[in-house]
């Protein structure tokens, strides 16, 4: 397995702290502790691309160059970061013009980029490199009785990810099943959560969030598992607003890594379970009581 | 309200040439108007023109209709349209290009928070190399109307309560390097109108 | 004359022989004719300049340009010039030799010359149609004409060879295409081997209920044809049979076929089906292929009610006797004809035929490849072929259109273009889906009175009576919504109801429509093994995988391999009347070929110049047709002209340059190369 | 034989020098196409109205296996800047396996021409089936561009030696010209 440099991205040090905490805990529990990429910078996300393409690619490529210096691939938990970094890698390979401009810019600060660094998502690394079997063996507290709706969001399956099916992705399903939990059929696995529109155009974003939550509820899910901090933000933090507008029972939103962490026996505190606005504790306690 | 009739004088051949010269966008000439982009778009419900109509207006050169459309600001880059399009039109990338051009030409609705977010985002990344989400949100609210902030109070408290609201200003070490890089990469030729 | 130069057969000098007598023959007098092809050539190539330049070339007596050289007056021109100007070589610069070489050889012969004193120059497909710049296209045309003029000096009088043609014809595939072709040939008095891979003939058409636009019953028109095939004295029908190898060439193909065991003696079984009743399986356990998996059958079964031959078969993958060897064999007991043989084995046979008709058909697009329609995930998403079986009175529901739970649907969506018109699956239009979707809309409406929604991109109804049918279905109140369905999902609390998201592009809005049945109008595509079959028969596939016709307009049923013809959907999507028409055309071509009894072969064979051959045997193993033998007494190679196909491999390999190929002599090729390179 | 050859290598050198200025240099490419696949592809390119570089001049043979290495040498000697050989894909030969023979000769021939100082880009073998008109277009365009970049063919060896190579035939190239490697290659069937 090629060395991985952990690229948390900006959200994971802010609103997405629980994702950062739980990922580090899970990888440590599996004997592969994460090493953070030194002095990484923001990938640029969708906003920067909306203003200046060249600068957006330069910004993202600095991270690729830093990883290349360490001969590592980037472990990228945020969907948006994953997409931006993969898109940058491909675009620089395909476009001689942009490739030239970006290399020139990297050159100006003594960096180089030959194009061998890939962005890799934890789902991919956990299912392909570490393997579901190894995870299964490491499970200490099987999550029997917990019903989970797996939500992948958009940018991880479209348009660049090749490690999973873009209509019916399975990697998170496999990981969650390995914990002993039940994965419910969820048709909106890859629908958009509204991204930053919840903040910029609340009436638009909230409806998208409502549909996702309502469907999960209707499918009998106890929790909704996510893989992206922006999805988490929308589904969790905005849930109270959604419930003010629509009739909806609360449903806690957990990062898939938090769920894996619980199964691996990591204490809830270390997984940031208490960082959910919609508390997951009642659901988890109910399940534990039921299982006992 | 603009009258629902257009003459040839409303068309900008330059705009049509520009849009079809974007990478992959020559394919919009092959659009067969199946509407997959529109029907698969999660934000369609709020759009004035459907993505399909926007592509068509673009290839016909109706610059003002396209750049003035709300649609381009609603795109969240979920790439569903790009993946679905039977004629492989890179709709999402075209949306990006349209946003860039609209910002460049300053033709978007004032007070529309999306371009403001984009600009503030850029400023913060350019200065510090990373985004401090709490600061970004606050700036956005200040720039686009204080009234929104009141609705956000409960939300902010939720974040503080769960330890997710941080006023720390995130930054990278080699800020000088980053600035030099962004300078050296030059500006986009595409944006020239 | 080149031979005199000995080892190495160096080329002749540029102008040395041009216009001068060759070996004491009369002086070379060449006529060059440059065709405008209307504006097809003249638009891009300066025909006058080409003609003028040609006139200046050594040996050229006359150079003319003409609007349409292939027309009667055009050919007449050649004929008259030969007679009046004493021409003895002809060059025509026009289209591809694949199109009109025969025509102009004919004109040359009509003028009294040996037809092989002719050379054709392709300035349409190779110049005017592929270039835009008039000057460079004209320069290229001039170069090509110069090459031909230099080449034609060295042409010789040649005779075509005649070889006899075997009168039998092989038809591959027993769908409506193969059936029609076989019957036409058999009625014409020719013996036909009709081979079919499945256990019954009938193909896809046998599965359909009604046919558009007339709504006549498919079985009623097909079954009599199938019976005719079985009873026709000139047709040998072989089911469960596949071609494994094809040797030989036009007029004399040797086809090796493999008969898969049926475990039933076809000559004994009368189709009474008592064995099926007696089978140890009390009811069907395996998906019935003919019913598109909507009903269950036993391991011993009749392919379908109208099957021809009316003979059962056993699926060895499913029958207990084969898996365990310990079945009670109740079927054997029940058979009073003693027709069951568990020990039947695969059998190989060789058929000698003069011509072959490919009628291998199509397969429908696998709807799972477009996962967003939910086929295979939601039970009430069907393919059109499944619905054909539901509608069919002899189908699994006796013609009732019902959902999996037996309920009648109240709202049905029909999605056009599934798998078709999409760069990610099949870019082509499958041609029949619009019409069959309208037909299903009509039948569903008639039988269930459900709301029917047809989701189409473009409604394509060009055909006799098609537009009228479209109008009729529209008048019946079917919702015709112009837009492609983007997603289908089943609501958690929706009673199995499916929600369909589609942009109604005419209204400019997205509509979310609940249906309880969704029908996917899957397109047509080449069969999964088309590439393998193509190789077996040495024919070509076009880029999209369909078998390729020799010429899209003028030879639509021929292939590039002489004596192999195409019928039906193996060449591209077609409806039934078109398929039948094409099958007739293919049969007609085969009849024309074998009816003549012989065929003329291009005289491009190779010969050994005996006195130059050193007997090194280099050429002998190279010949793919074993046409070269070694004469031990004389120690030299000898070519059997009857076996030689004229590839020229031996010519290029001969170290002593002692093999020559007619029409492609070294000198001729050298002159051509020099001709295109010489600066004017 | 030498006398014969003398008269063959007439003017190409002179002609070439007269048009060597880089801008207006248009490569002359002789294309030797088999009748069944690549010639058909060229016809299809025509009926499909594809546009490609006008530098290619097609000479038709029945099979790529008919192509005598001397045809190629001769084309170079007479001023071709490039030679393109087109045949059916392996396994698709109309005459079973003539294209394999073409491939064998091509490999050898490439070494020979390289040892004569002719850049390898100037000789190309492509499998193009009757349906691959688009591929033909691509190859023609690519080759024209590649050779335009190389400039006109300048033979770096004395004409006399070149004639020897040509006369000897590339099936058995004379070792002093083709080099030992090429000579060894002959021994491999």
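Chains as they are written, first to last, in the numbering used here: chain A, 170 to 461; chain B, 6 to 198; chain C, 753 to 1432; chain D, 60 to 248. Don't be surprised by glycine CBs; every beta carbon is placed ideally from N, CA and C.
Buried versus exposed, by CB contacts within 10 Å (16 or more), residue i
i                      : result
residue 237 (chain A)  : buried
residue 1085 (chain C) : exposed
residue 231 (chain A)  : buried
residue 298 (chain A)  : exposed
residue 222 (chain D)  : For residue 222 (chain D), the pLDDT reaches just 47, beneath the cut-off of 50, and the residue's location in the model is therefore unreliable, although a value from the coordinates is still provided. Under this definition residue 222 (chain D) is a buried residue.
residue 226 (chain D)  : The predicted model places residue 226 (chain D) with a pLDDT of 43, which falls under 50 and marks its position as unreliable, so this point remains unresolved.
residue 881 (chain C)  : buried
residue 1418 (chain C) : buried
residue 10 (chain B)   : exposed
residue 825 (chain C)  : exposed
residue 108 (chain B)  : buried
residue 1009 (chain C) : buried
residue 933 (chain C)  : buried
residue 39 (chain B)   : buried
residue 180 (chain D)  : exposed
residue 891 (chain C)  : buried
residue 170 (chain A)  : exposed
residue 883 (chain C)  : buried
Residues bridged to residue i [DSSP beta-bridge criterion]
i                      : result
residue 146 (chain D)  : D:186
residue 1104 (chain C) : C:1006
residue 1066 (chain C) : C:1052
residue 1239 (chain C) : C:1253
residue 1207 (chain C) : C:1167 and C:1233
residue 783 (chain C)  : C:814 and C:842
residue 1350 (chain C) : C:916
residue 1083 (chain C) : Paired residues: none, contrary to the question.
Of the residues the options, the one placed nearest residue i, counting alpha carbons only
i                      : options                           : result
residue 1200 (chain C) : C:1218, C:1269 and C:1178         : C:1269
residue 1430 (chain C) : C:805, C:895 and C:1058           : C:895
residue 994 (chain C)  : C:1409, C:1341, C:1289 and C:1317 : C:1289
residue 366 (chain A)  : A:206, A:403 and A:333            : A:403
residue 94 (chain D)   : D:200, D:125, D:115 and D:207     : D:125
residue 1391 (chain C) : C:1415, C:1020 and C:1378         : C:1378
residue 1165 (chain C) : C:900, C:1340, C:1240 and C:1100  : C:1240
residue 1347 (chain C) : C:1106, C:893 and C:1098          : C:1106
residue 277 (chain A)  : B:143, B:169, B:42 and B:188      : B:188
residue 159 (chain D)  : D:145, D:209, D:199 and D:194     : D:145
residue 145 (chain B)  : B:117, B:160 and B:162            : B:117
residue 174 (chain A)  : A:186, A:184, A:180 and A:193     : A:193
In the stretch 316–357 of chain A, which residue ranges form an unbroken alpha helix (DSSP H) of at least 4 residues, counting only runs that do not cross its ends? Unbroken alpha helix (DSSP H) runs of no fewer than 4 residues, entirely contained in the stretch 316–357 of chain A, are found at 340–347, following chain order.
Name the residues in the stretch 869–889 of chain C whose C-beta lies less than 7 Å from a C-beta of chain D; which are they? The residues in question are 876, 877, 878, 881, 882, 883, 884, 885, 888 and 889.
Which runs of the beta strand (DSSP E) fall wholly inside the stretch 845–881 of chain C and span at least 3 residues, in chain order? Fully enclosed beta strand (DSSP E) runs of 3 or longer: 870–874.
For the stretch 271–291 of chain A, enumerate the residues whose C-beta is nearer than 7 Å to any C-beta of chain B, in chain order. Answer set for the stretch 271–291 of chain A: 271, 273, 274, 275, 277 and 278.
Could you list the residues in the stretch 106–130 of chain D with a C-beta less than 7 Å from some C-beta on chain C, going in chain order? Cβ contacts with chain C: 106, 108, 109, 110, 111, 113, 116, 117, 118, 120, 121, 122, 124, 125, 126, 127 and 130.
Going along the chain, which unbroken runs of the alpha helix (DSSP H) with 4 or more residues stay wholly within the stretch 359–428 of chain A? Correct list: 366–369, 371–387, 398–401 and 408–414.
Can you pull out the residues from the stretch 1241–1261 of chain C whose beta carbon lies closer than 7 Å to at least one beta carbon of chain B? Those residues of the stretch 1241–1261 of chain C that come within reach of chain B (Cβ to Cβ, closer than 7 Å) are 1253, 1254, 1255, 1257 and 1260.
Beta strand (DSSP E) runs wholly inside the stretch 888–928 of chain C, at least 3 long, in chain order: You should have 913–916 and 921–924.
Looking at chain A, which residues of the stretch 115–140 of chain B have a Cβ within less than 9 Å of any of its Cβ atoms? Within the stretch 115–140 of chain B, the qualifying residues are 117, 118, 119, 120, 121, 122, 123, 124, 125, 126, 127, 129, 130, 131, 133, 134, 135, 136, 137, 138 and 139.
Can you list the beta strand (DSSP E) stretches of 3 or more residues lying completely in the stretch 19–92 of chain B, in chain order? Annotation note: the stretch 19–92 of chain B contains no uninterrupted beta strand (DSSP E) run of length 3 or greater.
Interface positions of the stretch 347–364 of chain A facing chain C (Cβ-Cβ less than 7 Å), listed along the chain: If the cut-off is 7 Å between Cβ atoms, the stretch 347–364 of chain A has 356 near chain C.
Which runs of the beta strand (DSSP E) at least 3 residues long sit entirely within the stretch 1361–1401 of chain C? Give them in chain order. Listed in chain order, the complete beta strand (DSSP E) runs (minimum 3 residues) inside the stretch 1361–1401 of chain C are 1380–1383 and 1388–1391.
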